[in-house]
Amino acid sequence: MFETRGYMLDISRDRVPTLRTLRLIVDLLANFRYNQFQLYTEHTFAYTGHETVWEEADPLTAAEVRKLDAYCRMQGIELVANQNTFGHMERWLTLPKYNGLAKFPKGGAMTPWGTIKKDPTTLDPANPGSLALVEGLLDELLPNFSAPLVNIGCDETFEISDPEEYLGFLLQVCEIVRKHGKRPMFWGDIVLKHPELIGRLPKDLVALDWGYEGNHPFERECAAFAASGLDFYVCPGTSSWRSLGGRVENMRENLEAAEAAGRRF
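Note that the sequence shown ends on residue 552 in this note's numbering; no numbers are left out.
As structure tokens, then:
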């Protein structure tokens with residue numbers, strides 16, 4: 288059995304559960320012997336001064352997060368803060384107040400799948416306001432969590448073509464996390480596309496190797512992280528999104544590939 292057995296629930300692109308529902312989910316996770324829970328967040332925390340971002344999203348409040356954190360601890364589960372801080376910021380950057388912080392204020396970034404993102408999605412590392420925004424968000428969010436880890440996201444930064452620019456901003460966000468006495472986790476897709484960066488990452492980072500297809504190359508990617516000395520998680524998916532019944536065979540192959548690579552490395 289893996290030492291860390293985590294579950295991530297998307298509460299930004301899906302509904303925001305009530306505290307009662309979240310406690311029921313924690314009960315299920317405890318029964319299934321999970322010991323880590325993350326709530327994927329883009330804009331669904333009630334940040335002070337940023338009401339225009341979350342006012343129609345029914346966000347979680349700081350008080351609710353603290354109650355959930357305490358309940359998780361009672362069940363032997365650590366509730367890990369999860370706030371995207373680089374890409375996936377379209378809920379912020381489409382608003383006039385924040386649009387100037389976007390790398391592409393008018394959108395138009397090309398994705399690896401050949402589609403065009405009509406909205407801006409990624410913060411501009413060259414704008415000092417980008418890091419200031421992230422610091423303000425984390426300063427308000429992180430004190431509500433007792434777990435020592437923080438997931439800062441940083442995946443799918445479609446507008447960033449320069450790997451050095453990506454790395455520089457990633458490391459600055461990590462410094463903010465350390466200021467709170469916590470350890471940063473980040474999604475590993477971008478550094479895997481630029482493997483020359485992996486050896487330059489501080490060894491306190493935790494890389495999150497995600498992939499959702501049955502043939503995802505977990506073996507190759509885990510080998511790259513292991514060779515660098517980084518701690519890392521394998522992060523497969525349930526293949527249940529945008530589907531009535533889920534892609535069960537794909538899910539099974541994806542989970543098995545992740546499990547095998549995680550055990551080997």
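Just so it is clear, CB atoms sit at the ideal spot from N, CA and C, and this is done for glycine as well.
Separation of V352 and G293 (C-alpha to C-alpha, rounded to the nearest whole angstrom) is 18 Å.
The beta carbon of L484 sits closer than 7 Å to those of P450, L454 and V478, all from its chain and outside the five residues before and after it, given in chain order. For A510, no beta strand (DSSP E) segment is defined; the enclosing uninterrupted segment is the alpha helix (DSSP H) at F505 to S515. M288 has its alpha-carbon roughly 46 Å from the corresponding atom of P392. Residue pairing from DSSP places G293 in a beta bridge opposite Q323. Here M361 is exposed, its C-beta having fewer than 16 other C-beta atoms within 10 Å. Every alpha helix (DSSP H) of 4 residues or more that sits fully in the segment 399 to 461 is shown, in chain order, as 415 to 428. Within the same chain, Cβ atoms closer than 7 Å to the Cβ of P412 are found at E452, G455 and F456, the five residues on either side in sequence being excluded.
By the Cβ criterion, the segment 407 to 421 is in contact with the segment 376 to 387, since at least three pairs of Cβ atoms, one from each stretch, lie closer than 8 Å. The beta carbons of V367 and N438 sit closer together than 8 Å. DSSP assignment within the segment 315 to 378 yields the following whole alpha helix (DSSP H) runs of 4 residues or more, N-terminal first: 338 to 341 and 349 to 361. Nearest Cα to A545 within the set G387, R534 and E508: E508. In this chain, the beta strand (DSSP E) harbouring D496 covers V493 to W497. According to the DSSP assignment, P383 belongs to no beta strand (DSSP E) but to the alpha helix (DSSP H) extending over P383 to N386.
DSSP places R550 in the uninterrupted alpha helix (DSSP H) bounded by V535 to R551. Excluding sequence positions up to five before and after E536, its CB lies within less than 8 Å of the CB of G501, all in the same chain and listed in chain order.
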